[in-house]
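In UniProt numbering, the protein residues as written are 1 to 94.
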């Protein structure tokens with residue numbers, strides 16, 4: 001899920017989509033494992049409902065990107081207009 005530096009992140013796209021629909025959400029990060037091999041998991045909630053979850057990740061940033069990606073997929077499936085959240089830039093393959 002790594003992206004070139006010039007590409008917009010899924011977190012940015014999600015933030016723009018939420019703003020477009022006057023919605024808010026929160027990320028929740030959890031970590032586990034020994035200090036030398038910490039694993040991260042992230043979920044994203046909108047209106048108290050988990051709409052996005054990351055797989056087990058090796059960094060917080062990657063976990064947040066995974067949760068944002070998953071939340072965008074959920075929003076698109078629910079009929080939210082997320083494709084044009086950033087002026088038509090939406091690099092998800094649905």
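Quick reminder that beta carbons are idealized off the backbone N, C-alpha and C, glycines included. No experiment lies behind these values; they were computed from the predicted model shown.
Span of the beta strand (DSSP E) holding residue i?
i          : result
residue 43 : 39-46
residue 52 : 49-53
Name, in chain order, the residues that DSSP records as bridge partners for residue i.
i          : result
residue 8  : Answer is none; residue 8 lacks a bridge partner.
residue 30 : 41
Looking only at its own chain, which residues have a Cβ that is under 6 Å from the Cβ of residue i, when we skip the five neighbours before and after it?
i          : result
residue 69 : 10
Tell me which residue opens and which closes the alpha helix (DSSP H) that residue i is part of.
i          : result
residue 72 : 60-77
Got a sec? Which residues, its chain only, sit under 7 Å from residue i by beta carbon, not counting five neighbours each side?
i          : result
residue 38 : 31
residue 65 : 1, 9, 10, 11
residue 27 : 42, 44, 64, 67
residue 34 : none
Determine whether the beta carbon atoms of residue i and residue j lie at a separation below 8 Å.
i          : j          : result
residue 59 : residue 50 : no
residue 74 : residue 57 : no
Spatial neighbours of residue i within its chain, please: C-beta separation below 8 Å, excluding the five flanking residues on both sides.
i          : result
residue 29 : 40, 41, 42, 60, 63, 64
Closer than 7 Å to a non-hydrogen atom of the ligand GTP - does that hold for the CB of residue i?
i          : result
residue 51 : The ligand GTP is not part of the structure shown, which contains no ligands of any sort.
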